[in-house]
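Structure first, then comments.
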Amino acid sequence: MFYQKAYKVDEMARVLANVSECFFIIQGHFINKEYRVAVYKYDHEYFLLRDHRIFLNTAKTKGQIAGDENLVLPYIEEALEENKYLLIDKAYLRLELAILDKMSKHNGIDIQYFEFVD
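Going left to right, the sequence shown walks through residues 1 to 118 as full-length UniProt numbering numbers them.
Here it is in C-alpha coordinates:
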(Lines of atoms letter the chains of each structure in order from A and count residues from 1; the text may use other names and numbers.)
(Lines give C-alpha, C1' and ligand atoms only; values in the text may rest on other atoms or scores of the structure.)
Protein backbone atom coordinates (compact mmCIF):
# COMPACT_ATOMS: atom_id res chain seq x y z
CA MET A 1 0.00 0.00 0.00
CA PHE A 2 1.25 3.49 -0.74
CA TYR A 3 0.09 6.85 0.50
CA GLN A 4 0.67 9.91 -1.62
CA LYS A 5 0.90 13.45 -0.36
CA ALA A 6 1.82 16.83 -1.75
CA TYR A 7 4.67 18.64 -0.05
CA LYS A 8 6.37 21.93 -0.61
CA VAL A 9 10.10 21.89 -1.24
CA ASP A 10 10.96 23.33 2.16
CA GLU A 11 9.01 20.52 3.90
CA MET A 12 10.83 17.63 2.21
CA ALA A 13 13.99 17.66 4.37
CA ARG A 14 11.90 17.27 7.54
CA VAL A 15 9.78 14.52 5.99
CA LEU A 16 12.80 12.54 4.78
CA ALA A 17 14.34 12.51 8.26
CA ASN A 18 11.31 10.68 9.64
CA VAL A 19 10.67 7.88 7.11
CA SER A 20 12.63 4.75 6.31
CA GLU A 21 11.20 4.10 2.84
CA CYS A 22 9.72 6.56 0.40
CA PHE A 23 9.83 7.67 -3.20
CA PHE A 24 9.37 11.10 -4.67
CA ILE A 25 9.47 12.89 -7.97
CA ILE A 26 10.31 16.57 -8.23
CA GLN A 27 9.44 18.42 -11.42
CA GLY A 28 9.87 22.06 -12.27
CA HIS A 29 9.74 24.23 -15.32
CA PHE A 30 12.41 26.89 -15.45
CA ILE A 31 13.09 29.47 -18.14
CA ASN A 32 15.69 27.47 -20.06
CA LYS A 33 15.33 24.01 -18.58
CA GLU A 34 12.93 21.41 -17.35
CA TYR A 35 13.91 19.91 -14.00
CA ARG A 36 12.86 16.31 -13.33
CA VAL A 37 14.28 13.89 -10.75
CA ALA A 38 13.08 10.69 -9.08
CA VAL A 39 14.54 9.66 -5.72
CA TYR A 40 13.96 6.46 -3.78
CA LYS A 41 14.95 6.37 -0.11
CA TYR A 42 15.51 3.06 1.62
CA ASP A 43 16.80 3.21 5.20
CA HIS A 44 19.68 5.70 5.01
CA GLU A 45 20.44 5.39 1.30
CA TYR A 46 19.15 7.66 -1.43
CA PHE A 47 18.93 6.43 -5.01
CA LEU A 48 18.61 8.92 -7.86
CA LEU A 49 16.67 6.86 -10.39
CA ARG A 50 17.61 7.42 -14.03
CA ASP A 51 14.87 5.52 -15.83
CA HIS A 52 12.33 7.49 -17.86
CA ARG A 53 9.75 4.71 -17.43
CA ILE A 54 9.29 5.76 -13.81
CA PHE A 55 7.99 9.17 -14.84
CA LEU A 56 5.62 7.69 -17.40
CA ASN A 57 4.17 5.05 -15.10
CA THR A 58 3.87 7.06 -11.90
CA ALA A 59 1.99 9.80 -13.76
CA LYS A 60 -0.97 7.40 -13.71
CA THR A 61 -1.12 7.64 -9.91
CA LYS A 62 -1.12 11.43 -9.75
CA GLY A 63 -3.95 12.66 -7.57
CA GLN A 64 -4.50 9.33 -5.80
CA ILE A 65 -4.20 9.62 -2.03
CA ALA A 66 -3.64 5.88 -1.57
CA GLY A 67 -3.19 2.88 -3.80
CA ASP A 68 -1.56 -0.45 -4.45
CA GLU A 69 2.22 -0.28 -4.14
CA ASN A 70 2.44 -2.53 -7.22
CA LEU A 71 1.59 0.54 -9.28
CA VAL A 72 4.91 2.10 -8.24
CA LEU A 73 7.40 -0.35 -6.71
CA PRO A 74 7.95 -2.61 -9.75
CA TYR A 75 9.31 0.34 -11.75
CA ILE A 76 11.64 1.32 -8.92
CA GLU A 77 12.86 -2.28 -8.62
CA GLU A 78 13.46 -2.49 -12.39
CA ALA A 79 15.56 0.66 -12.32
CA LEU A 80 17.61 -0.70 -9.42
CA GLU A 81 18.06 -4.13 -11.02
CA GLU A 82 19.14 -2.57 -14.32
CA ASN A 83 21.60 -0.26 -12.52
CA LYS A 84 19.75 2.84 -13.71
CA TYR A 85 20.49 4.82 -10.58
CA LEU A 86 23.12 6.82 -8.77
CA LEU A 87 23.65 6.70 -5.02
CA ILE A 88 23.49 10.23 -3.67
CA ASP A 89 24.54 11.62 -0.34
CA LYS A 90 21.94 13.02 2.05
CA ALA A 91 23.86 16.32 2.24
CA TYR A 92 23.73 16.68 -1.55
CA LEU A 93 19.98 16.07 -1.52
CA ARG A 94 19.47 18.68 1.21
CA LEU A 95 21.53 21.19 -0.77
CA GLU A 96 19.47 20.50 -3.88
CA LEU A 97 16.24 20.94 -1.91
CA ALA A 98 17.50 24.24 -0.47
CA ILE A 99 18.31 25.52 -3.97
CA LEU A 100 14.93 24.38 -5.29
CA ASP A 101 13.23 26.10 -2.37
CA LYS A 102 14.77 29.42 -3.42
CA MET A 103 13.85 28.83 -7.05
CA SER A 104 10.28 27.76 -6.24
CA LYS A 105 9.38 31.32 -5.32
CA HIS A 106 9.63 32.25 -9.01
CA ASN A 107 8.94 28.89 -10.68
CA GLY A 108 6.42 26.14 -10.17
CA ILE A 109 7.86 23.06 -8.43
CA ASP A 110 5.72 19.95 -8.17
CA ILE A 111 6.54 17.12 -5.74
CA GLN A 112 4.82 13.76 -6.06
CA TYR A 113 5.63 11.93 -2.78
CA PHE A 114 4.90 8.27 -2.00
CA GLU A 115 5.27 6.58 1.38
CA PHE A 116 5.03 2.80 1.51
CA VAL A 117 3.21 1.05 4.36
CA ASP A 118 2.75 -2.69 4.89
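From the three backbone atoms N, C-alpha and C, an ideal C-beta is built for every residue, glycine too.
CB contact flag (residue 61, residue 71, <7 Å): Counting from 1 along the sequence shown, the entry for residue 61 is found at position 61. Counting from 1 along the sequence shown, the entry for residue 71 is found at position 71. Yes, they are a contact pair.
Contained alpha helix (DSSP H) runs [length at least 4] in the stretch 67-106, N- to C-terminal order: 73-81 and 90-103
N-terminal and C-terminal residue of the beta strand (DSSP E) that residue 23 is part of: The residue you call residue 23 lines up with position 23 of the sequence shown. Its beta strand (DSSP E) spans residues 21-29.
Cβ distance (whole Å) where residue 7 is taken to contact residue 113 below 8 Å: One-based indexing of the sequence shown puts residue 7 at position 7. One-based indexing of the sequence shown puts residue 113 at position 113. Confirmed, Cβ separation roughly 5 Å.
Continuous beta strand (DSSP E) stretch holding residue 59: start and end: Within the sequence shown, numbered from 1, the residue matching residue 59 stands at position 59. Here residue 59 belongs to no beta strand (DSSP E), and DSSP marks it neither H nor E.
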